[in-house]
Every structure is written in structure tokens, then in C-alpha cells.
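> Heads up: the sequence shown begins at 1 in UniProt numbering, then just goes up one per residue.
Here you go, one structure.
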Amino acid sequence: MPVKTRSSKCKQFAQILKGKVIASKNRLCVVQRIRNIKATVLNRRTRSPLVKAALFSFESPDKQGRTLNLGETVILQREINPFISVLRRNKIKVTALHNHWLFEKPRLFYIHFESKEKPLRFARKVAKAFTVLKK
Numbered sequence: 001m002p003v004k005t006r007s008s009k010c011k012q013f014a015q016i017l018k019g020k021v022i023a024s025k026n027r028l029c030v031v032q033r034i035r036n037i038k039a040t041v042l043n044r045r046t047r048s049p050l051v052k053a054a055l056f057s058f059e060s061p062d063k064q065g066r067t068l069n070l071g072e073t074v075i076l077q078r079e080i081n082p083f084i085s086v087l088r089r090n091k092i093k094v095t096a097l098h099n100h101w102l103f104e105k106p107r108l109f110y111i112h113f114e115s116k117e118k119p120l121r122f123a124r125k126v127a128k129a130f131t132v133l134k135k
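The structure is reproduced here in C-alpha cells:
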């Protein structure tokens with residue numbers, strides 16, 4: 001269940017990323033977005049956020065308002081290169097690309113990325129990268 005937030009910046013972050021705030025306290029903001037991917041694990045249809053989620057966060061602001069910004073999203077194999085290209089063009093570091101599941105269809109990967117900059121700037125860059133993904 002989404003947690004109500006006092007932080008308008010966290011709400012803006014979520015709106016830009018087309019997600020929902022799931023935590024906002026002690027200068028930490030976490031946003032979840034569920035990808036619309038029809039997936040099966042062990043030949044069973046799944047709607048689990050463990051399979052279909054994208055998660056984003058920001059925390060630890062410095063005096064200039066730059067925060068530690070983190071992201072992870074499920075991604076289809078054919079989406080990997082275009083998505084990484086947009087992230088890299090926007091100076092967001094890609095830190096991991098791996099699978100979580102065995103026997104899933106379609107083949108799903110999970111990509112992790114990070115930056116240290118103002119959180120709304122990070123959100124806009126990530127939102128731009130999401131435009132290359134399957135709708």
C-alpha cells in the first residue's frame with residue numbers, strides 16, 4: 001500500500017517516473033512503477049512486483065541539492081541496448097545487468113543504474129530512457 005508523503009519533491013519524482021511513492025521519510029524517497037509485461041515463471045502467469053517492478057530512489061542530499069539516485073527495472077532482452085544507450089548518453093552509470101529468474105517467458109533481465117545529481121533531473125533522464133521501452 002502506498003505511503004502518504006510529505007515531500008512534494010518525492011511526489012514530483014514519482015510523477016515524472018510515472019510511478020507511485022512507496023516510501024518517503026527521513027530524506028529518503030522510493031518510487032515503484034510496474035511494467036506492463038505479460039510474463040510467466042514456471043509456466044504460470046505472474047503479476048508479481050518481484051517480476052514486473054521498476055524501483056527508483058533518492059536520498060542523502062548535499063548542500064547543492066544533489067542526491068544519491070538509484071534505479072532498477074525489469075527489462076526485455078531486446079530493450080537492453082537502446083535503454084543503456086539513453087542512460088549513458090545522459091551520464092547515468094549502469095552498474096549491473098542480470099537475470100533474477102529461471103524458466104521465465106519472455107526472457108527478463110534487471111538493470112541497475114545510479115547517479116549523483118539533483119533528483120528531478122535524474123528522474124527526467126530516466127523517464128527519457130523509458131520512452132525506448134515496449135509500451
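Beta carbons: idealized from backbone N, C-alpha and C, even for Gly.
Can you confirm whether the stretch 30-43 touches the stretch 103-111 when touching is taken to mean that 3 or more C-beta pairs between the two stretches lie within less than 8 Å?
Cβ pair count under 8 Å is three or more, so yes.
> Gly71 and Lys53 - do their beta-carbons sit closer together than 9 Å?
Per the sequence shown, the amino acid found at residue 53 is Ala instead of Lys. In this structure, Gly71 does not lie closer than 9 Å to Ala53 by Cβ.
> Any Cβ of chain B within less than 9 Å of the Cβ of Phe130?
You won't find chain B in this structure, because it holds only one protein chain.
> Quick check: the stretch 87-106 against the stretch 122-130, are at least 3 beta-carbon pairs closer than 8 Å?
Taking 8 Å as the limit for Cβ pairs, the verdict is that the stretch 87-106 does touch the stretch 122-130.
> For Phe113, which three-state DSSP category applies?
The answer is strand: DSSP assigns Phe113 an E or B state.
> Assuming contact is defined by CB atoms lying nearer than 9 Å, are Gln32 and Ile22 in contact in what I supplied?
Contact: yes.
> According to DSSP, simplified to helix, strand and coil, what is Ser24?
In the structure shown, Ser24 sits in a strand (DSSP, three-state: E or B).
> Lys9 and Leu120 look like a contact to me (Cβ under 8 Å); what is the Cβ gap, rounded to whole Å?
Contact holds; Cβ gap of about 7 Å.
> Taking the continuous beta strand (DSSP E) assigned at Leu50, which residues delimit it?
Note, Leu50: premise wrong, no beta strand (DSSP E); alpha helix (DSSP H) at Pro49 to Lys52.
> So Phe83 and Val132 are supposed to be a Cβ contact under 8 Å. How far apart are they, rounded?
Right, their Cβ atoms sit about 6 Å apart.
> Using the C-alpha atoms, what's the distance from Thr46 back to Lys118?
Whole-angstrom Cα-Cα distance: 35 Å.
> Per DSSP, which one or two residues make a beta bridge with Arg45?
Its beta-bridge partners are Thr40.
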